[in-house]
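Take a look at the structure below.
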Amino acid sequence: MPPGRLYVVSTPIGNLGDFSPRAVETLQHVALVLAEDTRHSRILLRHYGITTPVESHHEHNEASTTPALVERLRAGDDIALISDAGTPLLSDPGERLVRAAIAAGVTIVPIPGASALLAALVVSGFDTERFTFFGFLPRRGRARETAIAEIRALRHVAVVYEAPQRLVATLDELAEALGDERHIIAARELTKQFEDVRRGTAGEVARYYRDVPPKGEIVVVVDGARPAPLDEAALRERARALLAAGTSPRDVARTLIVEHGVPRNVAYRMAQDA
């Protein structure tokens with residue numbers, strides 16, 4: 632018998648209407664559903680009439696349960712992995728199982744759907760062509776300092792998950808690192824009845840939530856740092872140096888755009904005329 636498949640199934644992050652028909656069909660037909668919190672997931676499964684057996688699979692038992700699950704997959708059972716909300720493996724357990732299944736020759740099938748990360752990005756109003764996802768920041772120490780320093784240095788968007796009881800402290804640290812030049816959004820209760828998106832500097836949003844304690848997990852999106860402006864002569868010198876090093880005019884223009892914030896038409900003209 633050929634091995635089964637491991638389905639990685641996205642679930643709603645709030646609004647149950649965001650569950651896809653393909654996801655429902657998948658969960659109805661697999662042999663087993665692995666859920667981060669079975670009590671939470673059974674609410675969703677009952678809503679859609681899904682009666683497939685459910686077992687716990689979370690960070691505390693992932694190491695011990697993975698070998699037996701891989702054996703079931705190798706024996707031909709199809710298994711679905713879900714998290715409490717959104718897309719599994721994004722700040723949720725499952726990576727160990729996916730890697731072990733791949734090593735055993737099992738096919739991994741994504742069933743895409745809701746993601747708090749993507750939902751927050753598309754309402755941010757920032758340039759989302761590139762972004763770095765940090766998940767939950769380290770709680771303390773050098774690792775946390777390093778992560779905040781990385782966010783400060785980024786020229787593109789950063790995305791952070793945060794719990795309500797830690798939100799104000801994290802925003803205060805970001806405010807100290809970013810100052811008043813960088814804007815953020817804090818997206819809370821996405822897709823739910825009381826969905827809320829707060830915009831401003833980290834300090835402004837921290838002051839709001841200090842007065843109005845937040846509920847529910849929050850996605851913080853931080854706009855990228857703006858490059859220090861160069862005068863026209865310095866920009867032309869930069870373009871000439873890149874061309875002399877063998878960089879194509881197209882790539883020179885892109886460097887001026889990305890690294891120095893030069894308008895696209897100006898960058899291409901400088902790349903051609905340098």
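Under our numbering, the first residue of the sequence shown is numbered 632, with each subsequent residue one higher. We treat Cβ as the ideally placed atom computed from N, Cα and C, and that holds for glycine.
Determine the direct distance from the alpha carbon of residue j to that of residue i, and round the result to whole angstroms.
i	j	result
P652	S687	23 angstroms
V828	V791	14 angstroms
A734	D715	26 angstroms
A699	R677	27 angstroms
T777	L720	23 angstroms
G707	R869	60 angstroms
M632	E781	49 angstroms
A731	T657	21 angstroms
G831	G772	27 angstroms
E667	A902	53 angstroms
K846	T697	33 angstroms
Considering only residues of the same chain and omitting the five flanking positions on each side of residue i, which have a CB-CB separation below 8 angstroms?
i	result
G736	P634, R705
A750	I644, A818, L821, T822, V850
Could you check if residue i is buried or exposed, using at least 16 other CB atoms within 10 Å of its CB as the buried criterion?
i	result
D882	exposed
G648	exposed
S672	buried
Leaving out five residues before and five after residue i in sequence, what residues of the same chain have Cβ atoms less than 7 angstroms from its Cβ?
i	result
Q659	I681, T683
Y679	F650, V655
V661	Y638, T683, D709, I710, A711
Can you find the residues in the same chain that come closer than 6 angstroms, C-beta to C-beta, to residue i, ignoring five residues on each side of it along the sequence?
i	result
A898	A884, L887, I888
S641	T718, P743, G744, A745
G855	L785, R786, H787, V788
Using DSSP with H/G/I as helix, E/B as strand and the rest coil, what is residue i?
i	result
T669	helix
E826	coil
S687	strand
A694	helix
R838	helix
Y899	helix
Practice task
Check whether the region 794–811 touches the region 745–763, counting contact only when three or more Cβ pairs, one atom from each stretch, lie closer than 8 angstroms.
Solution key: no
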